[in-house]
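Chains as they are written, first to last, in this note's numbering: chain A, 4 to 270; chain B, 463 to 737.
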Amino acid sequence: MTAPLLEVRNLTAHFARDAAARRVVDGISFHIDPGEAVGFVGESGSGKSVTARAIMRLAPEGSPVRWGGTVRFRGEELLTLDAAAMGDIRGRHIAMVFQDPMSSLNPVMSVGAQIDDILMRHTGLSRRAARRRTIELLDLVGIREPAQRADDHPHQFSGGMRQRVLIAIAVSCQPALLIADEPTTALDVTVQAQILRLLMRLRRELGMALMLITHDFGVIAGMVERVYVMNGGAIVETGPTDALFAAPQHEYTRALLAAVPRIEPGG
Amino acid sequence: MTEPKRPRSHGQILLAVGLTMLALLVLLVLFGPLIAPYGAAKTSPASLAGPSAAHWLGTDSIGRDVLSRLIVGGRGTLIITFTAVAAALAAGLILGLASGYIGGRTDLVIMRLLDVIFAFPVFLLAIAVVAALGPTLRNLILTIAIVYTPTLARVVRGPVLSVKRWDHVEAARSVGIGEFTIAVRHVLPLVISPVLVQTSLTLANTIFTVTALSFLGLGPPPPDPNWGSMLAEARQFMELAPLTVIGPAAAIVFASLTFVVLANGLRDVLDVAGR
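Shown next as structure tokens:
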């Protein structure tokens, strides 16, 4: 058995602003192997997004979080890493795709410049070389006429196209782990499927591990090999996707599965 | 956000008028000495003469051409104004961004220091500084820059407090972009609209402050003419030669109005919420 890419032990998170600090992640442990796709399912407030942010060490602005436990990435502890070293890992080795593509891009920079910046930050490419790579990336995520589109600003893209841009940003430096936090929640159903297919394809082509966070079991199906079900800041059930779908053990898992609207595939 | 093509709005018209007026002022600054029909210090035998073909706005008490002095003096006044506001803007951007973005204790210290400056009446502070350091051009500019820094810093800080919580800032952080780069490239450009409006208003105020200080004799030393000192000299001959007062007074109002109109146009066009 290979060493896990990411190993989380006994992770806790408190929102420290409240007088009685609120514990939103309650001692969870999990691991993700290299190249593996893992799903995190749970309703809003179950702690799954905070868990993802713990790996990235991103605290919501204005609400300081105290982390506890260990988060080891390739054997290196992330929770105590200094800010500069953490900055080298973010975007380079672990990257994240956010929920809302409408607000996750800088509205006053061209999308190309936003990708150039990250490439220059992590790979030391010149601006010109970075732009060539940017155009390749936009092409990779399925944006037509990437060379022209690179100079467009976010408001000139549709929601689905913006999510593709965000995915291009996230995979720009070929991270070992891609965290997708509700990547399709803000999108139309038809676009959702395209984005999920894109994530699948990139994962295969770039050999990334994928941590897919969602409230929707329908998104997980066929995407990931293993699932963690979260509720109230704890992992209530885990197992291979097929087994979990076939025979959910925990009543919360059964309730979530029952909440998935059934859409039978045509044909 | 959709952008339907609309007929020119009120704001666009104001902006166009303001920019035209600003262009006139900039031409004055750039080419003043070339446009002026006479040298600013050149005297003619006729003192306090009325308007004539030779002297469109007449002459002052020692026979200098009023129009020429207006043009050359305007250049002096406007250069002081632009330089002082540029300095205040630079300081305001740096302090406001640092204060709002870093927050916490840094914010507290910067804002309390600026409050101290803010609490002084503009003229009291200006008179104190100029009296202490001497009425030189540099001191005048420095004083005005200091006086208007707090206003601009606050206008920067406010929206920074909100923009720094936007999703794209977290997204930039999540790919390893450093805090300094985030502040400068991902926050600052989004707070520029209200800052532009406030800068324009500050320019309007500064015209008044500069001319008022010059009127009181705290401006750049003679013989360089400027609108404030021209008013002060002409005051006693107001009844004999009204144009010597009306000229600079009208020029001051025009320059100030330019920036007020510009500010209102910018506010409408850039959709900055009214305060």
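Beta carbons: idealized from backbone N, C-alpha and C, even for Gly.
Computed from a predicted structure; not experimentally measured.
Any chance the segment 573-591 of chain B sits against the segment 609-627 of chain B, with 3 or more Cβ pairs inside 8 Å?
Yes, the segment 573-591 of chain B touches the segment 609-627 of chain B.
Looking only at its own chain, which residues have a Cβ that is under 8 Å from the Cβ of A/T5, when we skip the five neighbours before and after it?
If you number the first sequence from 1, residue 5 of chain A lands on position 2. Once the five neighbours on either side are set aside, the close Cβ partners of A/T5 are D36, P37.
Apart from the five residues just before and just after A/G45, which ones in its own chain have a Cβ nearer than 7 Å to its Cβ?
Position 42 of the first sequence, counted from the first residue, corresponds to residue 45 of chain A. The answer, listed in chain order, is K51, H218, V232, M233, N234.
Taking the alpha carbon of A/W70 as the point to measure from, which residue in A/A55, A/R77, A/R204 has its own alpha carbon closest?
Residue mapping note: residue 70 of chain A aligns to position 67 of the first sequence, counting from 1. Among A/A55, A/R77, A/R204, the Cα nearest to that of A/W70 is on A/A55.
Going by beta-carbon coordinates alone, are B/V479 and B/V723 separated by less than 8 Å?
By 1-based counting over the second sequence, the position of residue 479 of chain B is 17. By 1-based counting over the second sequence, the position of residue 723 of chain B is 261. In this structure, B/V723 lies closer than 8 Å to B/V479 by Cβ.
Report the three-state DSSP secondary structure of A/T217 (helix, strand or coil).
Stepping through the first sequence from its first residue, residue 217 of chain A is reached at position 214. Here A/T217 sits in strand by DSSP.
Run through chain B and tell me which residues come within less than 9 Å of A/P125, C-beta to C-beta.
What you label residue 125 of chain A is simply residue 122 of the first sequence in a count that begins at 1. It is worth fixing the name first, because residue 125 of chain A is His in this sequence and not Pro. Those are V637, G638, listed as they occur along chain B.
Do we get a CB-CB distance below 8 Å when we pair B/D629 with the residues of chain A?
Along the second sequence, read from residue 1 onward, the residue named residue 629 of chain B stands at position 167. Output row for B/D629: interface = yes.
What would DSSP say about B/Y563, mapped onto helix, strand or coil?
Residue mapping note: residue 563 of chain B aligns to position 101 of the second sequence, counting from 1. If DSSP states are grouped into helix, strand and coil, B/Y563 belongs with the helices.
Indicate whether B/H472 and B/D730 have their beta-carbon atoms separated by less than 8 Å.
Your numbering for residue 472 of chain B matches position 10 in the second sequence. Your numbering for residue 730 of chain B matches position 268 in the second sequence. Yes, they are a contact pair.
Do the segment 112-128 of chain A and the segment 79-88 of chain A touch if we need at least three Cβ pairs shorter than 8 Å?
Judged by Cβ distances under 8 Å, the segment 112-128 of chain A makes no contact with the segment 79-88 of chain A, as fewer than three pairs qualify.
Can you list, in chain order, the residues of its chain whose CB lies under 6 Å from that of B/L693, leaving out five sequence neighbours each side?
The residue given as residue 693 of chain B occupies position 231 in the second sequence. Counting only Cβ-Cβ distances below 6 Å, and skipping sequence neighbours, we find F677, P710.
Could you list the residues in the segment 47-59 of chain A with a C-beta less than 7 Å from some C-beta on chain B, going in chain order?
So the list reads M59, given in the order they occur along the chain.
Quick check on this structure: which residue in B/V649, B/L492, B/L665 has the alpha carbon closest to the alpha carbon of B/I603?
On the second sequence, residue 603 of chain B is found 141 positions in, with the first residue counted as 1. Out of B/V649, B/L492, B/L665, B/L665 has the C-alpha closest to the C-alpha of B/I603.
Using DSSP with H/G/I as helix, E/B as strand and the rest coil, what is A/H253?
Within the first sequence, numbered from 1, the residue matching residue 253 of chain A stands at position 250. Reduced to three states, the DSSP call for A/H253 is coil.
When the Cα of B/P597 is compared with those of B/S718, B/G727, B/A645, B/G679, which residue comes out closest?
Position 135 of the second sequence holds residue 597 of chain B. Nearest C-alpha to B/P597: B/G679.
Tell me whether B/F721 is buried or exposed, calling it buried when 16 or more other Cβ atoms sit within 10 Å of its Cβ.
On the second sequence, residue 721 of chain B is found 259 positions in, with the first residue counted as 1. Buried: at least 16 other Cβ atoms inside 10 Å.
Between the alpha carbons of A/A57 and A/A16, how many angstroms are there, rounded?
Position 54 of the first sequence, counting from 1, holds the residue named residue 57 of chain A. Position 13 of the first sequence, counting from 1, holds the residue named residue 16 of chain A. Distance between the alpha carbons of A/A57 and A/A16 is about 8 Å.
Report the option in A/I138, A/M112, A/M89, A/T244 whose CA atom is closest to the CA atom of A/H158.
Along the first sequence, read from residue 1 onward, the residue named residue 158 of chain A stands at position 155. Ranking A/I138, A/M112, A/M89, A/T244 by Cα distance to A/H158 puts A/M112 first.
Specify, as a first and last residue, the run of the beta strand (DSSP E) that A/L61 falls within.
Mapped onto the first sequence, residue 61 of chain A falls at position 58. Run containing A/L61: none; DSSP gives neither H nor E here.
Look at the Cβ atom of A/E228, then the Cβ atom of A/E10, and state whether they are nearer than 8 Å.
Locating residue 228 of chain A in the first sequence gives position 225, where the first residue counts as 1. Locating residue 10 of chain A in the first sequence gives position 7, where the first residue counts as 1. Their beta carbons are not under 8 Å apart, which means A/E228 does not touch A/E10 by this criterion.
Residues of chain A with CB under 7 Å from B/H648, in chain order?
Taking the second sequence and counting its residues from 1, one reaches residue 648 of chain B at position 186. N109, listed in chain order.
Hey, could you find the ends of the beta strand (DSSP E) A/Y231 is sitting in?
Position 228 of the first sequence, counted from the start, is the residue given in the question as residue 231 of chain A. Per DSSP, A/Y231 belongs to the beta strand (DSSP E) from 229-234.
Short of 8 Å Cβ to Cβ, which residues in the segment 125-147 of chain A face chain B?
Against chain B - using a Cβ distance shorter than 8 Å - the residues of the segment 125-147 of chain A are H125.
Below 8 Å on the Cβ atoms is my contact criterion, and I expect B/W628 with A/S32 to pass it. Report the Cβ-Cβ distance as a whole number of Å.
In the second sequence, counting from the first residue as 1, residue 628 of chain B sits at position 166. In the first sequence, counting from the first residue as 1, residue 32 of chain A sits at position 29. At roughly 33 Å, the Cβ-Cβ gap does not stay under 8 Å, so B/W628 and A/S32 are not in contact.
Answer yes or no: does any C-beta atom of chain A fall closer than 8 Å to that of B/P651?
By 1-based counting over the second sequence, the position of residue 651 of chain B is 189. True, the Cβ-Cβ gap to chain A drops below 8 Å.
Measure the C-alpha to C-alpha separation of A/V194 and A/R200 and round it to an integer number of angstroms.
Counted from its first residue, the first sequence places residue 194 of chain A at position 191. Counted from its first residue, the first sequence places residue 200 of chain A at position 197. Taking the straight line joining both Cα atoms gives about 10 Å.
What separation, rounded to the nearest whole angstrom, lies between the Cα atoms of A/G221 and A/Q151?
Counting from 1 along the first sequence, the entry for residue 221 of chain A is found at position 218. Counting from 1 along the first sequence, the entry for residue 151 of chain A is found at position 148. Using only the alpha carbons, I get a separation of about 35 Å.
Relative to the C-alpha of B/I644, which residue among B/V631, B/I608, B/K504 is closest?
Translated into the one-based positions of the second sequence, residue 644 of chain B becomes position 182. Comparing Cα positions, the closest option is B/V631.
Within 8 Å, do at least three Cβ pairs link the segment 172-183 of chain A to the segment 94-109 of chain A?
Because the criterion of three Cβ pairs below 8 Å is met, the segment 94-109 of chain A and the segment 172-183 of chain A touch.
Just the C-alpha distance for B/P683 and B/L599, rounded to the nearest angstrom, thanks.
The residue labelled residue 683 of chain B in the question sits at position 221 within the second sequence. The residue labelled residue 599 of chain B in the question sits at position 137 within the second sequence. One C-alpha to the other measures close to 8 Å.
How close, in whole Å, do the beta carbons of B/T605 and B/V591 come, if the pair is a contact with beta carbons under 8 Å?
Position 143 of the second sequence, counted from the first residue, corresponds to residue 605 of chain B. Position 129 of the second sequence, counted from the first residue, corresponds to residue 591 of chain B. Yes, they are in contact, since the Cβ atoms of B/T605 and B/V591 sit about 4 Å apart, within 8 Å.
Under 8 Å between C-beta atoms, does B/A633 make it to chain A?
Mapped onto the second sequence, residue 633 of chain B falls at position 171. By this cut-off, B/A633 is an interface position.
Please look up how many angstroms separate the CB atoms of B/V637 and A/R206, rounded, as I've assumed it's under 8 Å.
For this step, residue 637 of chain B is matched to residue 175 along the second sequence. For this step, residue 206 of chain A is matched to residue 203 along the first sequence. Incorrect: roughly 18 Å between the Cβ atoms, too far for contact.
Between the Cα of A/V114 and the Cα atoms of A/I146, A/A132, A/D91, A/A88, which residue gives the shortest distance?
Residue mapping note: residue 114 of chain A aligns to position 111 of the first sequence, counting from 1. Ranking the options by Cα distance to A/V114, first place goes to A/I146.
Tell me the rounded alpha-carbon separation between B/G562 and B/R616.
Taking the second sequence and counting its residues from 1, the one referred to as residue 562 of chain B is at position 100. Taking the second sequence and counting its residues from 1, the one referred to as residue 616 of chain B is at position 154. Taking the straight line joining both Cα atoms gives about 9 Å.
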